[in-house]
Structure formats: structure tokens, C-alpha cells
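Chemist: This is the structure I want to talk about, given as C-alpha cells.
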Amino acid sequence: MPDAFAPLVERILSGEIDEATSARSPEDEVLNLHDLFRIRLLRYAASLGLKPHDAEDVIQEVFLALFKHLRAERPRNNLPGWIFRVTHRLALKRRVQSHGDELIRDGREHELVAEDIFSPEDEVIFDERQRRLRSIFLALPEIDRLCLQLRSEGLKYREIASVLTISLGSVHKSLSRSLSRLF
Amino acid sequence: MQQNTRHIHQLEAIRFIDGELSSPEAADVELHVEQCEDCSQMLSAMNARLAQLRGAISNAGQPVYSREQANSLLKSKLMETQIGSHKSVQTWLSRSANRTQLLRYAASVAVVAVGMAVLSHGNWVGKLSGIRTITDLPDKSLTPGVVRQVSLTEICESESDEDLDPAVPPSMQKKVFYEYGVPSARQRKDFQVDYLINPQLGGTNDIHNLWPQPYNSAEWNAEAKDALERHLHRMVCERKLDLAEAQRDISTNWIAAYQKYFHTAKPV
């Protein structure tokens, strides 16, 4: 899934550009951020196991919530982090609604089994190296997968901690552990 | 880093990439990286690894809508949100031609509200003290939608008549109009009481599944909703859509559901 806005999004995530200080109306701001982040958020929502339609619904809800947030003149520092945080929360909620008790496995309630993320058809398009990476990635515990997913989307460690509501130390440990296994 | 000859450890490298180091610490790292081949390669490798990982997992999450469709859907929702918050004030103010009319109307509302409070029973009371603006979407606090246990066989077995929704009894219609504060003079003239989730999709005739749909909507009118109901019913019976999902979509926001399933921003 190509992301034509990747260079611009990277600059926003790094803080080089602050979309929040633009003089646009809240509606324009929201539509602009939606354009820039939608594909990444769909990827993240899919990594949480949402079906494509559910993921699209959740993303729409996220940006509607963002519009209300901006219109109410609530804090606008680090909007990308806010967007991922709300996506995480709403995606989990939708996942629970959609899957119910199917996810209770091995005592890890509501944790997604990794096979749900990719379809068998995806196998044919990966080269060997990617297949190896993906198989290790899929074998990781969910929290490690999510940390890696968010990191690969350009979020900083503090932002990942905020999205997943875990400590910064836990993010450090998770990513160190995962990257060691992957490479 | 206190000495720039000390190698950078992994966490430090990550904080450096994230811009989390203080200026002196970042300067030390930069200086060390210039002089240390191993650490320079380590930093480059970290970025490369993330790029490889991104390539391996980026295929998940294929979009359903095109960019234009998604933007159009969002714009509609933003407009609805803005209309919903402005209309309740502006519509009421625009209707008040002069102060005398305003006072007379307020007085009559107060009288009726007192009367309704005296007559109220059960779980429905005329909400005339809170003037509601009826839009193309129901008030979720009044009409969240109610479904019954129903099998696919039951809702799909009859193909002969596309419109199997039973008429809402007049007594129930009256209760719905009272809930929404619709004046008597406008009730049947300007509105029809409609099912939010139609019976063919498992909806019931509970008052929380009924709402007054305006006749005068140019775009999002009863015809559009009927088209959506038929379309969803067909998809459910052809096993292309879960019944629960159809019920959820139509009850959450039937206009957004129309745009989603017909892939259009406006009714066809």
C-alpha cells in the first residue's frame, strides 16, 4: 500500500512541520490530517485485527472526534500522537464489539492472534527476507507487535507509550527485545 | 554521554533519532558518530531495519474506499456535525420573527409542558420544554434502535414484496411525535414516523426504534432510506454482509451507511 504522503508525514511526526499552527479552519485542518494519515492509521487498525470496513469506520470516527476536539479549542500539541492514541482506543473497542469472546485464548483476554492480520494471499507478494521478518513479527506477543507497528509508522517512543498506555521503559524493553529477534 | 569515545548503546541511539537527547548529549553523539565507524553503521542499520520491517508488514490494512470517497464521507460527517450544533440555535432564532411571537410561543409551550407533566405516565413524556430540531438523522438519545432475535431464514424467506414494514399504529406515532416535540399541526403534514432499523433487518416497533422523518428533505429523504434498507437486506440475504453489522451501520448513521454501501456522497 503506497503512501504518497510519507515524506510530509515524516516531517510532521518529527516536529519539523507543525500542522497544528496553520491558520486553517478546524474542518480544513481535519481534512488535511485525514489525507495525510489515513493510510497509516488503516495499517495500524488492521494490525489490531480490524476488518477493512471496520477500520475505515474507525478512522472516520477518529477524525470526527478530532474535529470536535479542535473546535472545542482543546490542546493541539502533538496532534499525530493524539490521532494514533484515539485510533488505538476506538479500534480496540470495535474489535471487542466485533469479536467478543473469540479472542480469549491462553488466558490473554482480548489479545489478537497474529494469523488474523494477514491473509494467505499476502504470502505470494513477499520476498524471502520479508517473509522471514513477517513470520518473526507475527510470532511476537501483541504488545511487541504494536510497539513495532507504531515505531514503523514513525512514532517516537514517548508517543508509543502514550498510545498504548504503557511506561516508556516498557516501550524501550519491548522494542529492544523485538529488534534483537528480528535482526 | 560524558566522553565521545564511549560507544553509543541502542537505547541512546533511539533517543538520539527521536530527538529526545539534550543538546549537549546530542552533540556528543554526533561527534562520536563522526569518529566511530561501528556506531555510525549501527545508527544507519536501525533506520534500515525499520524500513525493512515497514515493507514486510505494510500490506495489511488495504483501504476499502478510494482517497476521494473517504474524504467525501468525512466531509459529509463534518457538515452534519456542524449543522447539528448550529441549527438548534439558528433555526429557533430564525423562526422567531418578533419578540411578541416569541413570548406568545414560549407561553403556550409552558402551558403545554405543564399539561404534559400532569398527564405523563409510563416511560414517555412530551419533551416540549426542549424544542428539538428535526434533522435527517434521529436523536440517538431517543432513538438508539431496537432489534429482535431473528433468523436469516425469517427475514429472507419472502421475496414477493419488497416493502414488508408494517404500518406504525397511530397511537404509537403520537407518542413518537410527543417524544420529539413535534407540534400537532405539523405531525402528519411534515413527517412520517419511520423505523430506524426496519423490520426486514430485524428492527422492532419499540418507540426507541421509531423517529419522525421529515418529508421535506431534498436529498436524505424516505426514498433514500428505503433504497438503503432494500440494499442492505439484499446483501444480508446474499450473505455478503452480517446482519449485526447492517443493523449497527443503519442505526449509527443511516446517511453514512448509504454513502458507504452505495459508494457515493449523495443519493443516486
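Chains as they are written, first to last, in the numbering used here: chain A, 1487 to 1669; chain B, 144 to 411.
Positions of the beta carbon are idealized from the N, C-alpha and C atoms, including for glycine.
Source: prediction; values computed, not measured.
Please decide whether A/Lys-1579 counts as near chain B, where near means a Cβ-Cβ distance under 8 Å.
Modeler: Working through the first sequence from its first residue, we reach residue 1579 of chain A at position 93. False, the Cβ-Cβ gap to chain B never drops below 8 Å.
Chemist: Considering only residues of the same chain and omitting the five flanking positions on each side of B/Ser-303, which have a CB-CB separation below 8 Å?
Modeler: Against the second sequence, residue 303 of chain B aligns to sequence position 160. Residue confidence is low: B/Ser-303 scores 46 on pLDDT, short of 50, so the model does not pin down where it sits. Its coordinate-derived value is still stated next. Excluding residues within five positions, none has a Cβ falling inside 8 Å.
Chemist: With a threshold of 8 Å between beta-carbons, can A/Val-1516 be considered close to chain B, or not?
Modeler: Here the question's residue 1516 of chain A lines up with position 30 in the first sequence. By this cut-off, A/Val-1516 is an interface position.
Chemist: Can you give me the C-alpha to C-alpha distance between A/Lys-1537 and A/Arg-1524, rounded to a whole angstrom?
Modeler: What you label residue 1537 of chain A is simply residue 51 of the first sequence in a count that begins at 1. What you label residue 1524 of chain A is simply residue 38 of the first sequence in a count that begins at 1. The alpha-carbon atoms of A/Lys-1537 and A/Arg-1524 are separated by roughly 15 Å.
Chemist: Can you give the Cα-Cα distance for A/Ala-1516 and A/Phe-1553, rounded to whole angstroms?
Modeler: As a working note, residue 1516 of chain A is residue 30 in the first sequence. As a working note, residue 1553 of chain A is residue 67 in the first sequence. One point to set straight first is that residue 1516 of chain A is Val, not Ala, in the sequence displayed. Spanning the two alpha carbons is a distance of roughly 6 Å.
Chemist: With a threshold of 8 Å between beta-carbons, can A/Ile-1675 be considered close to chain B, or not?
Modeler: Since the displayed chain A opens at 1487 and closes at 1669, residue 1675 of chain A lies outside it and no answer follows.
Chemist: At the 8 Å Cβ level, is A/Arg-1560 part of the contact set with chain B, yes or no?
Modeler: Against the first sequence, residue 1560 of chain A aligns to sequence position 74. Closer than 8 Å: no.
Chemist: Cβ of A/Leu-1661 within 8 Å of Cβ of A/Cys-1633?
Modeler: Translated into positions along the first sequence, residue 1661 of chain A becomes position 175. Translated into positions along the first sequence, residue 1633 of chain A becomes position 147. In contact: A/Leu-1661 and A/Cys-1633 (Cβ atoms closer than 8 Å).
Chemist: Could you pull the start and end residues of the alpha helix (DSSP H) that B/Tyr-404 belongs to?
Modeler: Position 261 of the second sequence, counting from 1, holds the residue named residue 404 of chain B. B/Tyr-404 -> alpha helix (DSSP H) spans 397 to 405.
Chemist: State buried or exposed for B/Glu-173, treating a residue as buried only when at least 16 other CB atoms are found within 10 Å of its CB.
Modeler: Counting from one through the second sequence, the residue named residue 173 of chain B turns up at place 30. So B/Glu-173 ends up on the exposed side.
Chemist: Is the number of C-beta pairs between the segment 1569 to 1582 of chain A and the segment 1533 to 1549 of chain A that are closer than 8 Å three or more?
Modeler: Yes, the segment 1569 to 1582 of chain A touches the segment 1533 to 1549 of chain A.
Chemist: Taking the alpha-carbon positions, what's the A/Ser-1511 to B/Val-379 distance?
Modeler: Position 25 of the first sequence, counted from the first residue, corresponds to residue 1511 of chain A. Position 236 of the second sequence, counted from the first residue, corresponds to residue 379 of chain B. Approximately 40 Å, taken between the alpha carbons.
Chemist: Spell out a yes or no on whether the segment 186 to 197 of chain B and the segment 364 to 382 of chain B are touching, meaning 3 or more CB-CB pairs, one atom from each, closer than 8 Å.
Modeler: With the cut-off at 8 Å, the segment 186 to 197 of chain B and the segment 364 to 382 of chain B do not touch.
Chemist: Quick check on the DSSP output: the alpha helix (DSSP H) that includes B/Asp-349 runs from which residue to which?
Modeler: As a first step, residue 349 of chain B is located in the second sequence; it is residue number 206 there, counting from the start. That residue, B/Asp-349, is in no alpha helix (DSSP H); it is neither H nor E in DSSP.
Chemist: So, helix, strand or coil for B/Leu-384, using DSSP?
Modeler: Your numbering for residue 384 of chain B matches position 241 in the second sequence. Coil, per DSSP.
Chemist: Which residues in chain B sit within 8 Å of A/Pro-1538, going by Cβ to Cβ distance?
Modeler: Along the first sequence, read from residue 1 onward, the residue named residue 1538 of chain A stands at position 52. Chain B residues near A/Pro-1538: Gly-204, Gln-205, Pro-206 and Val-207.
Chemist: Any C-beta of chain A sitting closer than 8 Å to the C-beta of B/Asn-214?
Modeler: Taking the second sequence and counting its residues from 1, the one referred to as residue 214 of chain B is at position 71. Taking Cβ atoms only, chain A reaches closer than 8 Å to B/Asn-214, which makes this a yes.
Chemist: Along chain B, in chain order, which residues have C-beta atoms closer than 7 Å to that of A/Arg-1637?
Modeler: Working through the first sequence from its first residue, we reach residue 1637 of chain A at position 151. Neighbours of A/Arg-1637 on chain B, chain order: Leu-193.
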